[in-house]
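First residue of the sequence shown: 0, per numbering that gives the first Met the number 0; consecutive thereafter. Even for Gly, the Cβ is constructed at its ideal location relative to N, Cα and C.
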Amino acid sequence: MRYVRLAEVIADEPINHLHVESREHFEAALDAFEGSVVVVAHDRAFLRSFALRTLEVREGRVMSGA
């Protein structure tokens, strides 16, 4: 098996259906990740736990820093 270092992660609702322990492990992994992360999520508390910048799509428009 080859080890490959990722530069980016793209995830759509990655914590849906995870139990608390799995969610905590996932959040810790994102926090430790040194690359770029793009996440689509409705859980603002989850996003605030690691995001440096957020964008919100509202009525078909992208709102920066929402």
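Own chain, CB closer than 7 Å to residue i, minus 5 neighbours either side, in chain order
| i | result |
| --- | --- |
| Ile9 | Val37 |
| Phe25 | Pro13, Ile14 and Leu17 |
| Leu5 | Gly34 |
Cβ distance (whole Å) where residue i is taken to contact residue j below 8 Å
| i | j | result |
| --- | --- | --- |
| Glu7 | Gly34 | 5 Å |
Helix, strand or coil at residue i [DSSP, three-state]
| i | result |
| --- | --- |
| Leu29 | helix |
| Ala40 | coil |
Close beta carbons around residue i, own chain, < 6 Å, minus the five adjacent residues each side
| i | result |
| --- | --- |
| Asp30 | Phe49 |
| Leu46 | Ala40 and Thr53 |
| Arg22 | Ile14 |
Close-in-space but distant-in-sequence residues of the same chain around residue i (CB under 8 Å, 5 per side omitted)
| i | result |
| --- | --- |
| Val39 | Ala10, Asp11 and Glu12 |
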